[in-house]
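Protein sequence lines, in the order shown, are assigned to chains A, B, C and D. Residues 0 to 359, numbered by numbering that gives the first Met the number 0, are exactly what the first sequence covers, in order. Residues 0 to 359, numbered by numbering that gives the first Met the number 0, are exactly what the second sequence covers, in order. Residues 0 to 359, numbered by numbering that gives the first Met the number 0, are exactly what the third sequence covers, in order. Residues 0 to 359, numbered by numbering that gives the first Met the number 0, are exactly what the fourth sequence covers, in order.
There are 4 protein chains.
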Amino acid sequence: MRFGTTLSVTLTGSSHGTSVGAVIEGLPSGAPVDLDYVQSELDRRSPSHRKLATMRKEPDRLLVRSGIENGRATGEPIVTLVENVDVRRAPYDELVDVPRPGHADYPARVRWGSSLDLSGGGIFSGRMTVGLVIAGAIVHDLLRNKGVGTVAFTRSIGPENWEDPATEVTIEDLRQQSRANEVGCPDPNAALRMQTAIEEARRNGDSLGGIVEVRVEGVPPGVGEPFFDPVESVLSHAYFSIPAVKGVEFGAGFQAARMRGSEHNDPFYIERGEVRTRSNRAGGILGGLTTGMPIVARLAVKPTSSIAKEQDSVSLSRREPVRLVVKGRHDPCIVPRAVPVVENFTSFVVADFMARGGYL
Amino acid sequence: MRFGTTLSVTLTGSSHGTSVGAVIEGLPSGAPVDLDYVQSELDRRSPSHRKLATMRKEPDRLLVRSGIENGRATGEPIVTLVENVDVRRAPYDELVDVPRPGHADYPARVRWGSSLDLSGGGIFSGRMTVGLVIAGAIVHDLLRNKGVGTVAFTRSIGPENWEDPATEVTIEDLRQQSRANEVGCPDPNAALRMQTAIEEARRNGDSLGGIVEVRVEGVPPGVGEPFFDPVESVLSHAYFSIPAVKGVEFGAGFQAARMRGSEHNDPFYIERGEVRTRSNRAGGILGGLTTGMPIVARLAVKPTSSIAKEQDSVSLSRREPVRLVVKGRHDPCIVPRAVPVVENFTSFVVADFMARGGYL
Amino acid sequence: MRFGTTLSVTLTGSSHGTSVGAVIEGLPSGAPVDLDYVQSELDRRSPSHRKLATMRKEPDRLLVRSGIENGRATGEPIVTLVENVDVRRAPYDELVDVPRPGHADYPARVRWGSSLDLSGGGIFSGRMTVGLVIAGAIVHDLLRNKGVGTVAFTRSIGPENWEDPATEVTIEDLRQQSRANEVGCPDPNAALRMQTAIEEARRNGDSLGGIVEVRVEGVPPGVGEPFFDPVESVLSHAYFSIPAVKGVEFGAGFQAARMRGSEHNDPFYIERGEVRTRSNRAGGILGGLTTGMPIVARLAVKPTSSIAKEQDSVSLSRREPVRLVVKGRHDPCIVPRAVPVVENFTSFVVADFMARGGYL
Amino acid sequence: MRFGTTLSVTLTGSSHGTSVGAVIEGLPSGAPVDLDYVQSELDRRSPSHRKLATMRKEPDRLLVRSGIENGRATGEPIVTLVENVDVRRAPYDELVDVPRPGHADYPARVRWGSSLDLSGGGIFSGRMTVGLVIAGAIVHDLLRNKGVGTVAFTRSIGPENWEDPATEVTIEDLRQQSRANEVGCPDPNAALRMQTAIEEARRNGDSLGGIVEVRVEGVPPGVGEPFFDPVESVLSHAYFSIPAVKGVEFGAGFQAARMRGSEHNDPFYIERGEVRTRSNRAGGILGGLTTGMPIVARLAVKPTSSIAKEQDSVSLSRREPVRLVVKGRHDPCIVPRAVPVVENFTSFVVADFMARGGYL
């Protein structure tokens, strides 16, 4: 339940226990921490103010039990948590014997047996990502002081895609625009189309996947460890820990597989004494090390597996087919709520890389 | 330079030092090791018998210095190496000041300065993957005894793609067919088209990327660690350590982002008392745990960055533009040689997962 | 701030922050946890009911925030803490510039500078050992179910020593007897002499050291890892983390250095089919592995460094001599309160060893 | 088989395999390495030139396979080994069923069964310490350039003890004097008495224990990690990995347990602007951090367990008593050969601490 090297986060609690939270270690003593910002990022992840999200409503008030005093890290482990308030176990009882298609139920039963509490997803629940948001939001000020900024946004939902505009957009603009609507897409028109698609899926008792994109600006060149901790390795390790992520690519990503070297290589040039590249098909990473150009990654998020439609499953005890209708409260599309998780967890990983390299 | 938990591999040496190799720890005492198989996999990775590969020719004879006696692991660390024979440093001298576009040169210079020996790529060289092949091939027999088989093959090169045939193909067939031609594609016709594409790229002084696919059969359900070591996280961590990989997806992967839940969820059924799924869009992994269905992953490999065409670069010392023609010996497409690396390193990661879970 | 492998404990908080506590990871889901026992061990460590201890009085009520429900571990990290109530910062202000002899002040100032809050010892305070008691007491029931019992007791205080009686005493007797008096010595007469010695030291504004002994029964033979985690290595690593410990020995320990092999070797014999040794000069450990005989260790605890007598120190800022009288509230002898810390932390380390070896 | 954090050493091979060695990771690229010095320390550990040692004679020629070129570390893992030449398996066959008193045989059989090869001690052999000598000797020049010097010497053998002379002796003198005789004691007269004691023990088919002392000068104040890697914790962890060590103390050590605080605290004073202490009962360590005074540790080494005298053992298969006469080639006292092991391994641990703290 622990991630990171110089900086680390340990996730605590579970979806339907008394709380979820995170223990963050390694923040230098005296580092500034803006707890209001952390709370605002928790609010952004929370379904409470969302029309398109699960009906489970949690206030998610941040509690800090150790490690922060007067807006500064003390150097000791930072113990944080939010309480679970709106816990209802009933809807999950049938699932002990009948695994939901597309969900962790079946392998989790094989591994831990029928006594495992999978109410609300247990440790597989998206609710565990509360700790990832906290960990990343806690290092936000520290990174900003070093000139590093991160933004994640919704690139596509189901068939609805947003293409970059012709003119370049700054990270700061992207941060503002993606916070201006509920789906987290910087473009209001595309956001509207995406919202419509989600509503339609919900009406049909179905769900949608999508793509989250993340960019990080201001990381100095040379950060990373060729074997075995290149920047792509550690970021993808982090990303695939987020429930429902099934693909990760950097820069040109899978498009690179169809390119020629002469198309793909980013030509170097000098701008105000700095080495830069004219394109950024490398996604800011060469040989596993940062190049100084923005880090760019995209995450494929699968459609929510808990859908209202009847599906084929089996009874694990009787070894026979069962038709299953999943109850409980679920998001018809998890992508918008994944956006703050990806943004903050990316910040955390980048902060750990910079701490390892002595940049923090 | 170390990867793994219960089983681990540490890479040693460098591209243009005296040797490259691997130290493998954690293999249970008495585990069978077929050194002939390890040598045959090294031969498969080697450019020596390839028409389409770099002109650097290395015999790559496996030497074992500790940890294997009479075809069995002794329980001590296994120290292996192959010597570097065909080392030529001259072609790389210019590159100390002029970084190759698309290559690790620039960030590596920033990180370690101009004294770093990047001849032949140094620790960034594809030659470091010799150790990954050794580590994975060493656990091949151990896995086979547990009913686990791995195959990697070339799914596409540049624009040339191979689509699965209508009838299902066994892992064993895929292993044989993909070893039957130089590009590592199971289908001879597709292989021929890919070979032609590579030859054309070489004639043009250019290079091509492609996609490697890997499948693992026989892994029991329930293997993996939800936070923070899901199977996808650890495999992708491993894959992005292989030079030139820019994207990784599992099962439906990026296609999942365009699907509805009712399309994407794999329905369960019972076959001879075993729980199985009718489709495998999950790629054998749900909630970060194996499902018992085949693990399926795809890796996007970018085109070789060292190309013969003249490119735009800069002089790091003079901070001015330079037109660069890369010399040295390079593969016009690294995909075919990445196939045995992906296959064997996948086996190693799977073996580590199984050892952690007490299955070995 | 983290110790352990399969089981781990992370210490949180600090002496004069809002709380101290521990995060315990790796306890198997469903493991029994007796929180009343944990509280009773915290009470034993606490100065509140002690006549011979510091005047700082803390209620030390155990709070559990995650990981235990209905007397069972849930498998998630266990987040525990006790609040700091009786915090007074004033007495420590002078010490920012004038380090106390025998205390961590000086090297801590060099390392972290004058802004480090060393009130009440900060992270160097004996109060941090609250977390070690919690971690060990939490695994008490789990170990007892496996037939493993641990006891620590006071072997000597200053010049007052307790010699083993001629007849063997059971672990259970030792546990009861050492809890029957305030100094933690199994023999009431020796305990009285030790108590008198402590009172005399306090009257003189001085302090005393002593020796804590610990025994563990019921650990099966073969537990441990020759290189580099022999049982002695990991236990001593743990013990030297307890403030004021300056020596650790196992079995005959330093006496072994004066023996001949024929005196020191423990002869084997068979008792009811079990292999045992007639003596136990090995302290239950050979080649770093347990032998099945009781593990026996002794810890040398130095006299409390904070004494009322005037001492020679220096002003760090003015680089000149200063005569120092240490204020604040301190134990004249820390040995009695170290006893529950050693006992419980030993249990924790043994539990980790057994978990690593698959015995839990 | 791995020790260290920023710097690490992995031991390879085994006593009666084809080689023993060490893989050292983390040495900064460009660090000076004097391979002649490493060889000379291997010679010092070797029994080849010793009259009082085992008859097993090994040339112990250092071979370096990776990581050092032209007297400098390249930054890659350093792979070293020495071949096992004088291997004789026969004498150990009986021991598969009859464990030697005082030796790892019994718990090792329980753990790994009768197939484990314990010839010559296997991985429990003192021969594994070859790798510890290599690892420490490799960092010798790096430490010397930082003003850090280490010496270990024989403090006592059986009843024969050496007391410090009235006048202070420099580390450099101690290094020379302890290398001037075979027992490793700085005083020639004491060395003669120790030598006589060893010879007498050998004539009687018996063995002797003793105490090794080690000192490190030049480590800056503030090195170490309070929880859980204080300097004493990590050094003792290392020391108890050396076969036959049963006790470790720092500074006044077990004597501190009998002292009053006013006797034990080292008074501070200023010397040429530097903070120093008049005595060094802390052994150079307060609160787990270095003070800038010399680090002083003592290790209790038990008498060699393999003795020629007949001893009581048991047959593991038949569960009945057996009278055992141990054959094979053994040292009557391991202390003199432990001296270079302790000295070099101490250097390695100190180098790792300094690397962690950014001092290297």
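Yeah, the Cβ is synthetic: ideal placement off N, Cα and C, and Gly gets one too. In this text the structure is predicted, and so the values were computed from the model without any measurement.
- Out of D:242, D:194, D:45, the CA that lies nearest to the CA of residue 304 of chain D is found in D:242.
- Close partners of residue 149 of chain C in chain A (Cβ separation under 8 Å) are lacking, with about 26 Å as the shortest Cβ gap.
- Cβ proximity to chain A below 9 Å picks out 200, 203, 204 from the stretch 185-204 of chain B.
- Residues of chain C with a Cβ closer than 7 Å to the Cβ of residue 37 of chain A do not exist, since the nearest Cβ in that chain sits about 18 Å away.
- For a cut-off of 8 Å, the C-beta gap from residue 6 of chain B to residue 351 of chain B is around 4 Å, short enough to register as a contact.
- In the DSSP assignment, residue 212 of chain D falls within the unbroken beta strand (DSSP E) covering 209-216.
- In the displayed model, residue 181 of chain B falls within coil according to three-state DSSP, outside both helix and strand.
- The beta carbon of residue 8 of chain B sits no closer than 8 Å to any beta carbon of chain D.
- In this structure, the alpha-carbon of residue 152 of chain A lies about 34 Å from that of residue 215 of chain B.
- Taking a 10 Å sphere around the C-beta of residue 289 of chain C, we find 16 or more other C-beta atoms and assign the residue as buried.
- Excluding five sequence positions before and after residue 176 of chain A, the CB atoms of its chain that fall closer than 7 Å to its own CB belong to 185, given in chain order.
- Looking at the DSSP output, residue 31 of chain C shares a beta bridge with C:71.
- Under the Cβ criterion (8 Å, minimum of three pairs), the stretch 284-303 of chain C counts as touching the stretch 200-211 of chain C.
- Residues of chain D with a Cβ closer than 9 Å to the Cβ of residue 102 of chain C are, in chain order, 264, 285, 286.
- When 8 Å is used as the limit between beta carbons, residue 80 of chain D is near these residues of chain B: 64, 65, 78, in chain order.
- Residue contact with chain B for residue 124 of chain D: absent (no Cβ-Cβ distance below 8 Å to any residue of chain B).
- With 16 or more other Cβ atoms inside 10 Å of its own Cβ, residue 100 of chain B counts as buried.
- Three or more pairs of CB atoms, one per stretch, sit closer than 8 Å, so the stretch 0-18 of chain B contacts the stretch 122-141 of chain B.
- Considered as a whole, the stretch 228-293 of chain C harbours 230-238, 260-263 as its complete alpha helix (DSSP H) runs of no fewer than 4 residues, in chain order.
- Counting the other CB atoms within 10 Å of its CB gives residue 29 of chain D a total below 16, which places it among the exposed residues.
- Here residue 330 of chain B is buried, its C-beta having at least 16 other C-beta atoms within 10 Å.
- Contact between residue 140 of chain C and residue 33 of chain C is confirmed by a C-beta separation of about 5 Å, below the 8 Å threshold.
- Contact between the stretch 93-111 of chain B and the stretch 305-322 of chain B is present, with at least three C-beta pairs closer than 8 Å.
- By the Cβ rule, the stretch 58-76 of chain A does not count as touching the stretch 154-170 of chain A, because fewer than three pairs are nearer than 8 Å.
- Distances from the CA of residue 321 of chain A to each of B:169, B:268, B:149 were compared; the closest alpha carbon is that of B:268.
- Collapsing the DSSP output to three states places residue 317 of chain A in coil.
- In terms of Cβ geometry, residue 85 of chain D and residue 57 of chain D form a close pair [threshold 8 Å].
- The Cβ-Cβ distance between residue 332 of chain C and residue 155 of chain C does not fall below 8 Å.
- Counting every other CB atom within 10 Å of its CB across the protein chains shown gives residue 179 of chain D a total below 16, marking it as exposed.
- Note: residue 312 of chain A is bridge-paired with A:321 in the DSSP secondary-structure output.
- Annotation for residue 130 of chain D: the continuous alpha helix (DSSP H) segment containing it runs 129-137.
- About 6 Å separates the beta carbons of residue 259 of chain D and residue 200 of chain C, which is inside the 8 Å limit, making them a contact pair.
- Between residue 343 of chain C and residue 278 of chain B, the alpha-carbon positions lie close to 52 Å from each other.
- Contact between residue 123 of chain D and residue 240 of chain C does not hold, since the beta-carbon distance rounds to 27 Å and is not under 8 Å.
- Counted as a single uninterrupted DSSP element, the alpha helix (DSSP H) harbouring residue 108 of chain D occupies residues 104-111.
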